[in-house]
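These notes concern the structure reproduced below.
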Amino acid sequence: MLYLDHAATTVVRPEVREAMAPFADEAFGNPSGIHGVSRRAKNAIEEARERAAALLGAATPLEIVFTGGGTEADNLAVLGAALAHGDRRRVVTSAIEHEAVLESARFAARLGCELRVVDVDASGRVAPREIAAAVGDGAVVSVMAANNETGAIQPLPEIANAARGAGQDVLVHTDAVQAFISEEVTVGTTSADMISLAAHKLGGPKGAGLLYVRDGITLEPVIHGGGQELGRRSGTHNVAGIVGLVTAMELSVLDREDFRRRVRGARDAFEQALAAALGGIELTVNEPRLVQHSHLRFPGVPAETLLIRLDQAGVAAAAGSACHSGALEMSHVLAAMGASAEVAAESVRFSFGWVNDVADGADAATRVAAVVGELR
Amino acid sequence: MRALVAMSGGVDSSVAAALMLEQGHEVVGVTLKQWQAADGSMPTSGCCTVADAEDARRVAAQLDVPYYVLDHVADFRERVVEPFGAAYAAGRTPNPCIDCNRRVRFRTLLERTETLGCDVLVTGHYARVRHDGGRFRLLRGLDPAKDQSYVLHMLGQEELARVRLPIGEMTKPEVREHASRLGLRTATKPDSQDICFVKDDYRAFLRENFAAVAEPGRIVDTAGEVVGSHEGTVDFTIGQRKGLGVAFGEPRYVVDLQPATATVVIGTRADLEVEGCRLEEVSFVAGVAPAGGRLSVKVRYRAAAVAATLEHDGSGYILRFHDPQEAVAPGQAAVMYAGDEVVGGGTIAEVVR
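Line by line, the protein sequences are chains G and Z.
Per the working numbering, residue 187 is the first one in the first sequence, and the count goes up by one each step.
Per the working numbering, residue 4 is the first one in the second sequence, and the count goes up by one each step.
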């Protein structure tokens, strides 16, 4: 199987598995205890916190809140900021956000927050001036670093600056879950007050993530309980997951230049060979886009049929989002870009990962071109 | 051979998939997602639920075959659900499963059979396909209690050439036994009875979605005399005796529904009797009408077959019953048999008294 769905989730890196192993075994302790078994676990997460803070350019390790994944980090950021201090702050976000942000924003609206969802242009990008126009004093702004479906990189520092220039006491959150593996994401590069990450997109385990929260920001917790993570996220720490997350983050940062070169090479080889075989291809978004994403439309070929045929031909790819039953649904991202239902239903995402090389790109193109040729 | 197996999540299609594998074929399992509520949620009871798709997925995993859910919600709404409501609004008693088989299921699945690179389509219906004398024949299922040939009458030569119905050769107990032997999770799952897109009560569904059938109106006798009132024609079906809210010495039955004027017509048992019925959407398994002679006809899924003769009066087909029949409802399918073989069928357009 040629797996080209690394944006959905990717292979766990061997170093990550190795780093996690002791915490599923002899170092099994609950960090919230006074004995030696606890201390070892506690030490592991605090060391992980320091490493994560350093990787993100945080001012202090306490700006890192470990969560049960990217969705939870997004919920904590959007709801936590909008509802803090008993407030009902305005939430400003974009129409192409991950459901974790959009649904949190809609929930905030049901709780009485004002919600502004900003449209994107046909290239799938959020305009800083549109964000500024929607912002008011005290607004919570959430715009992703790069879109998970199309790979379109958002003009983030500009969005953050425009938002802050449009109101007093504005908080900016970015979901960098998809971007972190290939783009430099730090407090400095994003200019964000809050950043969400998920381990499993980086070669780490599922069910572990973090939210960077700038010192001085108070969040209303969304998960209540024993008061772990300074009361910001209760629940016994997923020690192995946290260690895996931070190890995957480190490997991503260390490997990033090589990843960009190698994965871009694979992706570009794929697109070039495919264009040659099919007499041209229709890319969904232009540059700047994530080096690992290739989002394409095959006119006349239903994505559902193509994905099933590719599965049978040994290529794993994706389109839109799947509902509980597994059927494909219209992508809200493509809809926000103004795509018709027909165009959306012919669009497919191939996403490359740290295990791929140029040969994979060429191999994928051959197989995809063959199936597309049969279906046309 | 590579088979596309339509898996509903029930025991019949589970075993159909298993049988194809046992016969040495390659299997691809699919479920058509046909319905979701306005809020996007899937029904939690009846057929086509989240749990059903999950059962199908789990069976496919157990059999180690690929499995996909295909979205046909928009198609199904347009071609089955809307006509279902429109038929009631026109005073008919539709059979949505037949409309689905005719307009969505087999059309879509046979198209998918081709685009997904499969050779044949397999379903878990209780009916049999035979090929002899140069053409395909559609026969009743071997299990008389489960025979589903009635809902497959619209299949023609082109369809039957690519359809396999392995369950039709078995009885239901045999199917369940086979499922148990294989340890399939659906072995003891109850049969589904309901219309797949209706949660509990189809009348409540119609009231909610099609206002025309929920208009209060008059109950009249066959002479046009007003004898009572009602809360919507949706509450009545042709032949219904109970719940009319009117009392007479002799039993009265619903003999006609006129939703356009919100009128329910009641009459005596004799008023229910019809001599024949005019058909529309007529198709014949062989592609052409039978040469003539006596046929047996089912005018409802669970009715016994009765003797009839098929005629053509220049504008369309008419079935003449050899003995007068009661409760022949426009909208239902009339399916013609010669012995165990399905000759063809159509939708009852109007009754001939």
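Note that beta-carbon positions come from the ideal geometry of N, C-alpha and C, so glycine has one too.
Because the structure is a prediction, the values reported are computed rather than measured.
Amino acids of chain Z, ordered along the chain, whose beta-carbon sits closer than 8 Å to that of residue i
i: R495 (chain G); result: T118, L119 and G120
i: L561 (chain G); result: T118
Beta-bridge pairing of residue i - partner residues as DSSP gives them
i: H325 (chain Z); result: Partner(s): none; H325 (chain Z) has no beta bridge.
i: I339 (chain G); result: G:A332
i: C280 (chain Z); result: Z:L322 and Z:V354
i: L315 (chain Z); result: For the record, residue 315 (chain Z) in the displayed sequence is His; it is not Leu. Per DSSP, Z:Y320.
i: F239 (chain Z); result: DSSP, once it has assigned bridges, lists no residue as partnering F239 (chain Z).
i: G270 (chain Z); result: Z:Y256
i: P333 (chain Z); result: Z:Q335
i: R133 (chain Z); result: Z:R140
i: Q1 (chain Z); result: What the structure shows of chain Z is the stretch from 4 to 356, and residue 1 (chain Z) is not part of that stretch, so it cannot be assessed.
i: I250 (chain G); result: G:Y398
i: Y70 (chain Z); result: Z:G32
i: Y340 (chain Z); result: Z:S299 and Z:V345
i: S195 (chain Z); result: Answer is none; S195 (chain Z) lacks a bridge partner.
Within chain Z, partners of residue i - CB distance below 9 Å
i: L514 (chain G); result: V72, L73 and D74
Beta-carbon spacing of residue i, residue j below 8 Å
i: T131 (chain G); j: L396 (chain G); result: Because chain G here runs from 187 to 562, residue 131 (chain G) falls outside it and cannot be looked at.
i: A215 (chain Z); j: A90 (chain Z); result: no
i: V501 (chain G); j: A459 (chain G); result: no
i: D78 (chain Z); j: V107 (chain Z); result: yes
i: P97 (chain Z); j: G319 (chain Z); result: no
i: D277 (chain G); j: A294 (chain G); result: According to the sequence as given, residue 277 (chain G) is Val; it is not Asp. Contact: yes.
i: Q282 (chain Z); j: A352 (chain Z); result: Checking the displayed sequence, the identity of residue 282 (chain Z) turns out to be Leu instead of Gln. In contact: L282 (chain Z) and A352 (chain Z) (Cβ atoms closer than 8 Å).
i: F209 (chain G); j: V429 (chain G); result: yes
i: L7 (chain Z); j: R115 (chain Z); result: yes
i: H423 (chain G); j: I231 (chain G); result: yes
i: L188 (chain G); j: D546 (chain G); result: yes
i: V68 (chain Z); j: V31 (chain Z); result: yes
i: E218 (chain Z); j: A265 (chain Z); result: yes
i: A503 (chain G); j: D211 (chain G); result: no
i: V355 (chain Z); j: C280 (chain Z); result: yes
i: E468 (chain G); j: R483 (chain G); result: yes
i: L431 (chain G); j: G390 (chain G); result: yes
i: I317 (chain G); j: A348 (chain G); result: yes
i: G349 (chain Z); j: Q160 (chain Z); result: no
i: A193 (chain G); j: N334 (chain G); result: yes
i: A205 (chain G); j: T433 (chain G); result: yes
i: V541 (chain G); j: V202 (chain G); result: no
i: V338 (chain Z); j: V300 (chain Z); result: yes
i: L275 (chain Z); j: E329 (chain Z); result: yes
i: D260 (chain G); j: A244 (chain G); result: no
i: S328 (chain G); j: V304 (chain G); result: no
i: T372 (chain G); j: A346 (chain G); result: no
i: A489 (chain G); j: A531 (chain G); result: yes
i: T246 (chain G); j: D401 (chain G); result: yes
i: G324 (chain G); j: D361 (chain G); result: no
i: L464 (chain G); j: V558 (chain G); result: yes
i: T491 (chain G); j: L119 (chain Z); result: yes
i: V471 (chain G); j: T336 (chain G); result: yes
Closer than 8 Å at the beta carbon, the chain G residues around residue i
i: P293 (chain Z); result: Within chain G, no residue comes near P293 (chain Z); the closest Cβ sits about 39 Å away, beyond 8 Å.
Where residue i meets chain G, residues with beta-carbon distance less than 9 Å
i: P69 (chain Z); result: I494, D497 and Q498
* Going along the chain, which residues of the segment 469–499 of chain G sit with their C-beta nearer than 7 Å to a C-beta in chain Z? -> Correct list: E490, T491, I494, R495, D497 and Q498.
* To do: Decide yes or no for the touch test of the segment 125–137 of chain Z against the segment 13–22 of chain Z: beta carbon pairs closer than 8 Å, at least 3 of them.
  => Proximity of the segment 125–137 of chain Z to the segment 13–22 of chain Z meets the contact definition, three or more beta-carbon pairs being nearer than 8 Å.
* To do: Identify each residue in the segment 256–267 of chain Z for which the Cβ-Cβ distance to at least one residue of chain G is less than 7 Å, and report them in chain order.
  => none
* Asked: Which residues, taken in chain order from the segment 174–191 of chain Z, show a beta carbon closer than 9 Å to some beta carbon of chain G?
  -> Cβ contacts with chain G come from no residue of the segment 174–191 of chain Z.
* Between the segment 155–167 of chain Z and the segment 180–190 of chain Z, do three or more beta carbon pairs fall short of 8 Å? -> no
* Inter-stretch contact at 8 Å, needing at least 3 Cβ pairs: the segment 364–378 of chain G / the segment 441–454 of chain G -> The segment 364–378 of chain G, when compared against the segment 441–454 of chain G, does touch it at the 8 Å Cβ threshold.
* Can you find at least 3 beta carbon pairs, one from the segment 550–562 of chain G and one from the segment 138–154 of chain Z, that sit closer than 8 Å? -> no
* When the Cβ atoms of the segment 411–418 of chain G are set against those of the segment 337–344 of chain G, are three or more pairs found closer than 8 Å? -> no
* Contact between the segment 286–300 of chain G and the segment 261–276 of chain G (3+ Cβ pairs under 8 Å) -> yes
* **At least 3 beta-carbon pairs within less than 8 Å: the segment 289–309 of chain Z vs the segment 240–251 of chain Z** => Counting Cβ pairs under 8 Å, fewer than three are found: no touch.
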